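*Asks:* Here the protein sequences come in this chain order: A and B.
Just add 3 to wherever you are in the first sequence, counting from 1, and you've got this note's numbering.
Just add 3 to wherever you are in the second sequence, counting from 1, and you've got this note's numbering.
Beta carbons are placed, not taken as given, at the ideal position from N, Cα and C, and that holds for glycine.
Note that the structure is a prediction, hence the values are computed from the model and not measured.
Input: one structure, supplied below.
Protein chains: 2
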Amino acid sequence: MSDIVDAAKRLLVGRPVRSDNLGHTLLPKRIALPVFASDALSSVAYAPDEILLTLTIAGLGAAIISPWVGLAVVVVLVVVVTSYRQNVHAYPSGGGDYEVATTNLGPRAGVAVASALLVDYVLTVAVSISSGAQYAATALPALRGHEVSFAIGLVVLLTLLNLRGVKESGTLFAIPTYLFMLGVGSMAVVGFVRFATGSLPMAESAVLDVLPEDGFEQGLMGLAGAFLVLRAFASGCAALTGVEAISNGVPAFRKPKSKNAATTLALLGGLSVTFMMSILLLAKVTNVHFAEIPAEQLTLDGVPVGEDYVQNPVLGQLAAAVFQGFPPAFYLLSAVTGLILVLAANTAFNGFPVLGSILARDGYLPRQLHTRGDRLAFSNGIVALAGGAIVLIWAFDAQVTRLIQLYIVGVFVSFTLSQLGMVKHWNRHLRTEPDPAARSRMVRSRTINGIGLGLTGTVLVVVLITKFSRGAWIAILAMAVIFAVMQAVRRHYDSVRDELALGPDISAARSLPSRVHAIVLFSRLHKPTMRALAYARASRPSVLEAVTVAVDPEDIPRMRADWDALELPVPLKILDSPYREITRPIVDYVRSIRRESPRDLVVVYIPEYVVGHWWEHVLHNQSALRLKSRLLYTRGVVVASVPWQLESSVEVAHRQGDDA
Amino acid sequence: MSDIVDAAKRLLVGRPVRSDNLGHTLLPKRIALPVFASDALSSVAYAPDEILLTLTIAGLGAAIISPWVGLAVVVVLVVVVTSYRQNVHAYPSGGGDYEVATTNLGPRAGVAVASALLVDYVLTVAVSISSGAQYAATALPALRGHEVSFAIGLVVLLTLLNLRGVKESGTLFAIPTYLFMLGVGSMAVVGFVRFATGSLPMAESAVLDVLPEDGFEQGLMGLAGAFLVLRAFASGCAALTGVEAISNGVPAFRKPKSKNAATTLALLGGLSVTFMMSILLLAKVTNVHFAEIPAEQLTLDGVPVGEDYVQNPVLGQLAAAVFQGFPPAFYLLSAVTGLILVLAANTAFNGFPVLGSILARDGYLPRQLHTRGDRLAFSNGIVALAGGAIVLIWAFDAQVTRLIQLYIVGVFVSFTLSQLGMVKHWNRHLRTEPDPAARSRMVRSRTINGIGLGLTGTVLVVVLITKFSRGAWIAILAMAVIFAVMQAVRRHYDSVRDELALGPDISAARSLPSRVHAIVLFSRLHKPTMRALAYARASRPSVLEAVTVAVDPEDIPRMRADWDALELPVPLKILDSPYREITRPIVDYVRSIRRESPRDLVVVYIPEYVVGHWWEHVLHNQSALRLKSRLLYTRGVVVASVPWQLESSVEVAHRQGDDA
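Structure (structure tokens):
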């Protein structure tokens with residue numbers, strides 16, 4: 004199989020990159036901004052929609068307060084960005100929240116943060132790609148009804164791009180991100196100018212009326228109304244994901260890493276705030292009416308619009324209104340928005356494998372995740388991320404409104420623990436710092452992180468209360484499972500390390516077995532057996548025997564005669580097999596040697612076929628494999644595989660560029 | 004995983020059996036009859052139904068000729084049984100039709116017969132179990148609608164029983180088979196006595212009328228009518244399967260094997276004929292009306308009976324009529340019939356693995372199928388058979404009428420080729436046999452087999468014509484695929500054997516490598532590494548090096564210092580890894596040694612963890628495995644696995660009853 008896989012890998016992900024080239028894949032700010040910012044920026048494609056449709060549950064009167072909900076989100080965003088600029092400077096190594104929590108709150112908090120972030124990375128991909136698929140369906144109506152398969156196809160495509168490495172994805176993603184900024188920015192400018200001049204048309208949905216849901220006929224009244232506002236706010240907080248991605252990605256920035264990362268973070272915050280508020284305000288002045296279940300809730304002249312009504316995303320409706328009379332602008336903005344959503348998922352493709360690799364390094368995940376793939380990207384993590392996202396997209400039918408209920412719990416767990424860690428960090432440093440100037444900087448930073456802690460903690464509680472039963476429990480359950488698995492993996496590695504560690508007295512480890520008793524196992528007398536015998540003899544053991552198993556006692560005389568005809572200076576031992584088994588008599592024989600001479604080393608030579616095709620494995624080596632795995636349970640035994648390269652394997656070796 | 008699997012296996016299939024005990028699992032006639040005859044006998048549970056429902060397509064007038072169709076089946080059955088008594092005497096080794104065809108018609112004919120039989124064994128299980136599930140639903144109406152899952156459950160149960168071995172299944176199966184014989188026999192006797200005395204009631208379906216299908220309003224007229232009669236006959240021939248099972252199972256009989264097998268065959272034929280004709284005649288005199296689509300075809304006072312009507316099997320309807328006034332007899336017979344159908348499937352569980360093992364011995368199937376399992380039953384074949392049957396039951400919804408269209412093609416391919424082979428067999432022996440008495444016996448046998456050939460060939464043509472488009476093509480396709488795969492496997496083994504065979508000059512094979520260059524690979528300095536070093540030193544190679552890979556060049560000084568601290572008389576070689584890979588630098592280094600000294604043997608010692616739990620494999624040894632599989636592609640390299648038994652593995656070894 005490996006030949007096909009290798010060829011496909013080479014074709015799809017390109018040639019390997021040398022370690023020396025690693026510096027070249029570092030990102031300048033103009034590339035880092037689109038790579039890391041696409042996540043936070045792209046959320047304006049769905050966060051305003053979620054705010055509006057949640058408020059609209061209580062009717063049009065409720066939707067009017069949407070800019071105030073947006074403002075609350077903006078406040079949180081500004082505070083979080085300011086707080087994280089402290090993190091980026093204090094912990095520039097890319098461990099991000101995981102490192103902050105581990106260092107200041109202990110390893111359990113670190114693993115908790117890591118579990119939360121891993122889950123949220125997967126959700127970032129699922130939400131962004133699902134939303135992207137919806138925008139694509141806006142521009143290409145032929146895609147309607149195929150959003151799930153389209154979204155899964157996009158994830159697969161992103162996976163392949165990322166297996167090629169960071170640099171190329173960066174360049175590839177810069178152009179559409181800048182186009183998106185340009186598009187939304189000019190829409191906002193043109194929109195407000197037309198509004199100021201009184202020439203801004205109404206949105207397409209302005210003519211529709213809205214039926215509030217049961218219990219909200221009076222609008223936002225009482226506890227239920229307050230709860231609804233909180234839910235809208237919690238959904239809007241999706242705009243905050245992506246902030247932590249930068250703090251995890253500091254090492255990917257060019258030097259000075261921390262400064263560049265902090266600047267990028269500030270830029271990102273400013274753009275996010277501007278876009279979010281612009282969209283909510285324009286939506287208000289153009290009377291965008293946006294509902295969770297448009298077919299039932301939206302009415303025209305008192306009659307529900309029905310299943311045929313296509314509710315375009317808020318951004319699309321705004322573009323249509325603002326650029327009325329110039330349709331290409333609408334299509335262009337839809338296309339670029341769909342594209343940037345796909346690219347937003349890429350943020351997770353940058354962050355997830357880095358975090359996974361750090362966790363593997365620390366022994367919380369299987370060690371092979373720490374090894375870099377051919378292409379300097381952490382292939383295993385990329386594949387795991389893509390798999391998780393595909394499952395979510397498939398399970399939730401690529402519906403953003405359902406997926407968003409699972410989202411951002413993880414990010415706010417991480418925000419809160421990280422800010423708590425930062426407060427402890429400054430406390431610790433303040434205990435030892437004598438310089439008053441440095442102390443006052445630290446106190447200022449601590450104040451910022453303290454405010455961040457208070458605010459993110461509050462938002463976390465709001466998110467948990469408003470979303471738990473609507474899906475957030477799934478995310479929390481996933482975090483708990485990942486947390487438990489990572490703790491178990493770490494405990495296992497720790498106990499193995501203790502078991503294997505060299506004690507203070509290594510003389511025992513240095514003592515050698517007294518003699519070597521070599522056994523060549525064979526089933527037939529053919530070239531591989533001859534090679535195994537030759538190799539065994541070349542290593543000049545103290546004792547050398549050829550051993551075979553007689554399943555049928557009637558075969559013994561012929562076997563002995565064939566052996567004698569070869570005239571080899573090696574005695575033949577034929578083992579009885581009353582149960583017509585191969586493995587057990589050999590294992591028993593090896594153990595009997597060990598019992599008789601416990602200080603001897605037994606080396607068992609097994610001729611093994613090296614095959615070129617996966618199906619040949621089915622036809623060969625089955626007993627050798629079984630035998631080997633059983634023999635290894637016995638102490639003092641070494642199993643030496645003597646390969647015989649079948650002709651088919653030589654081809655494979657050549658194709659792999661090896662000169663066998 | 005192996006610990007769980009082993010424990011479950013021990014629990015479900017019992018302890019292993021010694022070869023010496025093999026004689027004890029041989030079957031006396033009184034056990035052999037039920038074991039092998041259940042297949043042929045049980046077909047009276049569905050073959051008469053299929054004859055009736057096929058004829059009923061042309062209306063009730065057509066169904067009247069059912070005993071004549073039954074008589075035609077009986078004629079074929081008598082001829083085939085008589086023919087096979089010759090086979091059993093001439094070929095007592097259990098190769099059955101496969102051996103007869105291979106010996107007399109060549110290996111391709113043998114493989115063709117084997118493919119046909121393998122497919123038909125699977126169908127025997129599928130048809131019998133599906134019919135059994137229908138009888139079970141007759142007795143337990145709660146099962147209705149769950150026939151598929153019930154049938155699959157039965158297959159799984161049978162699989163487990165058969166993994167326990169032949170003997171126990173035999174005893175287990177004898178009682179119900181004898182009960183079935185008693186039940187059907189007494190039903191026939193009571194029925195005919197009541198008919199003679201005029202006290203036999205009508206069947207429950209006698210009051211119903213039947214609508215013929217389109218085109219058959221005139222009854223059995225013209226070509227279509229003749230075709231329908233042939234189709235009914237072809238379905239009735241299902242009664243013949245099971246005959247060849249005895250000829251494949253001769254070695255399982257007690258001595259004198261051939262005589263006992265032939266006697267069992269004659270008994271089976273007699274019982275089959277009697278039961279079949281009794282049921283068809285009783286069905287005629289009690290006016291059983293039986294249709295393919297009862298809801299539409301059966302009418303009461305001109306109105307179709309609809310989906311609510313439950314059409315009981317013919318045997319059930321007869322039992323209800325014959326034992327009217329004594330309901331327990333009806334339930335008992337239904338239960339026993341359901342049971343014997345399940346047991347009929349067991350015939351295939353006896354025959355299929357034996358045939359598979361013979362084919363594996365001859366190189367047509369992967370060699371591991373030839374190895375007996377722990378329990379003297381051929382576990383691999385049993386599992387393969389069960390898998391195939393489950394797929395069929397699931398795909399055809401456990402409907403006998405649909406499955407029967409695929410059935411018996413294989414058996415008649417096998418019958419025909421086998422009889423042709425027997426004719427050739429006698430011709431060959433007649434050429435050399437001088438004794439007139441023996442010659443006349445041979446001529447007589449040849450005549451019998453010749454008649455068998457003519458008749459089975461005709462039936463094969465009839466079956467193909469009437470059933471091809473209704474499903475037989477699936478069976479034929481499966482046979483063709485199996486045939487092709489088996490030929491390919493054999494070709495592969497042949498070419499490997501030629502590639503590996505020792506030539507006339509074996510001096511080259513006897514020449515030894517000049518020196519041994521040993522390499523101990525390690526990633527960390529812990530006990531497993533120390534053990535690998537000790538073992539490598541104990542084998543006193545010409546050159547010995549410890550080799551490790553430096554993924555990060557900054558680690559090199561520390562690695563060297565750690566090594567020096569151990570004060571081992573072994574030089575350390577640290578390999579550079581510009582691509583941060585482990586495998587490639589090592590493979591390249593080993594090849595460079597081979598290039599410099601092509602006559603040296605390179606022995607690579609790899610410390611390997613022996614783990615006790617399947618999940619530990621995910622956490623350990625991944626790089627060792629990858630490395631090993633790559634190193635084996637290089638000539639002149641031996642890979643020696645030095646096991647380190649982790650504590651968890653020691654437990655496993657103990658549980659397996661091994662004293663490690």
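Around the C-beta of residue 57 of chain B, are 16 or more other C-beta atoms found within 10 angstroms, so that it is buried, or is it exposed?
*Replies:* Position 54 of the second sequence holds residue 57 of chain B. Buried, because 16 or more other Cβ atoms sit within 10 Å of the Cβ of residue 57 of chain B.
*Asks:* Taking the beta carbon of residue 452 of chain B as the centre, do at least 16 other beta carbons fall within 10 Å, making it buried, or is it exposed?
*Replies:* Working through the second sequence from its first residue, we reach residue 452 of chain B at position 449. Around the beta carbon of residue 452 of chain B, a 10 Å sphere encloses 16 or more other beta carbons of the protein chains shown; the residue is thus reported as buried.
*Asks:* What does DSSP give as the partner residue(s) for residue 618 of chain A in the beta ladder?
*Replies:* Position 615 of the first sequence, counting from 1, holds the residue named residue 618 of chain A. Residue 618 of chain A is not bridged to any residue.
*Asks:* Could you have a look at residue 461 of chain A and say whether DSSP puts it in helix, strand or coil?
*Replies:* As a working mapping, residue 461 of chain A is identified with position 458 in the first sequence. Residue 461 of chain A falls in the helix class under three-state DSSP.
*Asks:* Decide if the segment 43–52 of chain A is in contact with the segment 216–235 of chain A; the criterion is three or more beta carbon pairs, one per stretch, under 8 Å apart.
*Replies:* no
*Asks:* Within 8 Å of any Cβ in chain B, is that where the Cβ of residue 664 of chain A sits?
*Replies:* Nothing in the structure corresponds to residue 664 of chain A, since chain A is present only between 4 and 663.
*Asks:* So which residues on chain A does residue 505 of chain B lean against when the C-beta distance must stay under 7 Å?
*Replies:* Taking the second sequence and counting its residues from 1, one reaches residue 505 of chain B at position 502. Within chain A, the residues near residue 505 of chain B are 528, 529, 530 and 533.
*Asks:* What span of residues does the beta strand (DSSP E) with residue 576 of chain A cover, start to end?
*Replies:* Here residue 576 of chain A refers to the residue found at position 573 of the first sequence. Start and end: 575–579.
*Asks:* Can you tell me whether DSSP reads residue 495 of chain B as helix, strand or coil?
*Replies:* Walking along the second sequence from the start, residue 495 of chain B turns up at place 492. Here residue 495 of chain B sits in helix by DSSP.
*Asks:* Run down chain E in chain order and give the residues with a C-beta less than 7 Å from the C-beta of residue 478 of chain A.
*Replies:* In summary, chain E is missing from the structure at hand, where the protein chains are A and B.
*Asks:* State yes or no: is the beta carbon of residue 331 of chain B nearer than 8 Å to at least one beta carbon in chain A?
*Replies:* Start at 1 with the first residue of the second sequence, and residue 331 of chain B comes out as number 328. No - not a single Cβ of chain A is within 8 Å of the one on residue 331 of chain B.
*Asks:* Between residue 539 of chain B and residue 547 of chain B, is the Cβ-Cβ spacing less than 8 Å?
*Replies:* Looking up residue 539 of chain B in the second sequence gives position 536. Looking up residue 547 of chain B in the second sequence gives position 544. Yes. Within cutoff.
*Asks:* On the three-pair Cβ rule with 8 Å, is the segment 594–602 of chain A touching the segment 627–639 of chain A?
*Replies:* The segment 594–602 of chain A vs the segment 627–639 of chain A: in contact.
*Asks:* Quick one, are the C-beta atoms of residue 108 of chain A and residue 427 of chain A less than 8 Å apart?
*Replies:* As a first step, residue 108 of chain A is located in the first sequence; it is residue number 105 there, counting from the start. As a first step, residue 427 of chain A is located in the first sequence; it is residue number 424 there, counting from the start. Cβ distance < 8 Å, so residue 108 of chain A and residue 427 of chain A count as in contact.
*Asks:* My understanding is that residue 524 of chain B touches residue 571 of chain B, with C-beta atoms under 8 Å, so please give their C-beta distance in whole angstroms.
*Replies:* Your numbering for residue 524 of chain B matches position 521 in the second sequence. Your numbering for residue 571 of chain B matches position 568 in the second sequence. Incorrect: roughly 15 Å between the Cβ atoms, too far for contact.
*Asks:* I'd like the list of long-range same chain contacts for residue 440 of chain B, defined as Cβ closer than 8 Å, with 5 residues on each side in sequence excluded.
*Replies:* The residue given as residue 440 of chain B occupies position 437 in the second sequence. Correct list: empty, nothing qualifies.
*Asks:* With respect to the beta strand (DSSP E) encompassing residue 643 of chain A, which residues constitute its N-terminal and C-terminal limits?
*Replies:* Within the first sequence, numbered from 1, the residue matching residue 643 of chain A stands at position 640. 640–648 is the extent of the beta strand (DSSP E) around residue 643 of chain A.
*Asks:* Am I right that residue 239 of chain B and residue 72 of chain B are in contact with their C-beta atoms under 8 Å? What's the rounded C-beta distance?
*Replies:* To locate residue 239 of chain B, count along the second sequence from 1; it is residue 236. To locate residue 72 of chain B, count along the second sequence from 1; it is residue 69. Right, the Cβ-Cβ distance comes to about 6 Å (below 8 Å), so this counts as a contact.
*Asks:* Could you check whether the Cβ of residue 601 of chain B sits closer than 8 Å to any Cβ belonging to chain A?
*Replies:* Working through the second sequence from its first residue, we reach residue 601 of chain B at position 598. It does not: the Cβ of residue 601 of chain B has no partner Cβ on chain A nearer than 8 Å.
*Asks:* Going by DSSP, which residues form a beta bridge with residue 612 of chain B?
*Replies:* In the second sequence, residue 612 of chain B corresponds to position 609, counting from 1. Answer by DSSP bridge pairing, in chain order: B:647.
*Asks:* In this structure, does DSSP put residue 520 of chain B in helix, strand or coil?
*Replies:* Along the second sequence, one-based indexing puts residue 520 of chain B at 517. DSSP places residue 520 of chain B in strand when its eight states are reduced to three.
*Asks:* Rank B:66, B:340 and B:128 by C-alpha distance to the C-alpha of residue 154 of chain B and give the top, closest one.
*Replies:* Working through the second sequence from its first residue, we reach residue 154 of chain B at position 151. Taking only the C-alpha atoms, the option nearest residue 154 of chain B is B:128.
*Asks:* Name, in chain order, the residues that DSSP records as bridge partners for residue 256 of chain A.
*Replies:* Sequence index remark: in the first sequence, residue 256 of chain A carries index 253 (1-based). In the DSSP output, where bridge partners are listed per residue, residue 256 of chain A has A:30.
*Asks:* Going by beta carbon distance, what residues of the same chain come within less than 6 Å of residue 271 of chain B, once the five residues before and after it are set aside?
*Replies:* Within the second sequence, the letter at position 268 stands for residue 271 of chain B. Correct list, in chain order: 40 and 43.
*Asks:* Residue 599 of chain A bridges to which residues according to DSSP?
*Replies:* As a working mapping, residue 599 of chain A is identified with position 596 in the first sequence. Answer is none; residue 599 of chain A lacks a bridge partner.
*Asks:* Do the segment 89–104 of chain B and the segment 260–270 of chain B make contact, defined as three or more Cβ pairs closer than 8 Å?
*Replies:* Contact holds: three or more Cβ-Cβ distances are below 8 Å.
*Asks:* Using a Cβ cut-off of 8 Å, pull out every chain A residue sitting near residue 544 of chain B, in sequence order please.
*Replies:* Here residue 544 of chain B corresponds to residue number 541 of the second sequence, with the count starting at 1. Residues of chain A passing the Cβ test: 542.
*Asks:* Taking the alpha helix (DSSP H) that residue 552 of chain B belongs to, which residues open and close that run?
*Replies:* Reading the second sequence from its first residue, position 549 is the one you call residue 552 of chain B. Looking at the DSSP string, residue 552 of chain B is not in any alpha helix (DSSP H); the run it does join, the beta strand (DSSP E), is 546–553.
*Asks:* Can you list, in chain order, the stretches of the alpha helix (DSSP H) that have 4 or more residues and sit fully within the segment 295–333 of chain A?
*Replies:* 297–300 and 317–325
*Asks:* For residue 65 of chain A, is the classification buried or exposed, using 16 other Cβ atoms within 10 angstroms of its Cβ as the cut-off for buried?
*Replies:* What you label residue 65 of chain A is simply residue 62 of the first sequence in a count that begins at 1. Answer is buried; the Cβ neighbour count reaches 16.
*Asks:* Along chain A, which residues have their Cβ under 8 Å away from the Cβ of residue 516 of chain B?
*Replies:* Position 513 of the second sequence, counted from the start, is the residue given in the question as residue 516 of chain B. Correct list: 537, 538 and 541.
*Asks:* Just to confirm the assignment, what range does the alpha helix (DSSP H) spanning residue 400 of chain B have?
*Replies:* Taking the first residue of the second sequence as position 1, residue 400 of chain B is located at position 397. No alpha helix (DSSP H) holds residue 400 of chain B; DSSP gives it neither H nor E.
*Asks:* Measure how close the beta-carbons of residue 619 of chain B and residue 651 of chain B come, nearest whole angstrom, since I'm counting them as under 8 Å.
*Replies:* The count along the second sequence starts at 1 and reaches residue 619 of chain B at position 616. The count along the second sequence starts at 1 and reaches residue 651 of chain B at position 648. So it is a contact: roughly 7 Å between Cβ atoms.
*Asks:* Given 8 Å as the limit, is there contact between the segment 346–362 of chain A and the segment 111–121 of chain A, that is, 3 or more CB pairs closer than that?
*Replies:* By the Cβ rule, the segment 346–362 of chain A counts as touching the segment 111–121 of chain A, because three or more pairs are nearer than 8 Å.
*Asks:* Given this structure, state the Cα-to-Cα distance separating residue 25 of chain A from residue 412 of chain A, to the nearest angstrom.
*Replies:* Position 22 of the first sequence, counting from 1, holds the residue named residue 25 of chain A. Position 409 of the first sequence, counting from 1, holds the residue named residue 412 of chain A. Low local confidence applies: a pLDDT of 45 at residue 25 of chain A is under 50, so the model's placement there is unreliable, and no value is given.
*Asks:* Along chain A, which residues have their Cβ under 8 Å away from the Cβ of residue 611 of chain B?
*Replies:* Within the second sequence, residue 611 of chain B is the residue found at index 608, counting from 1. Correct list: 635.
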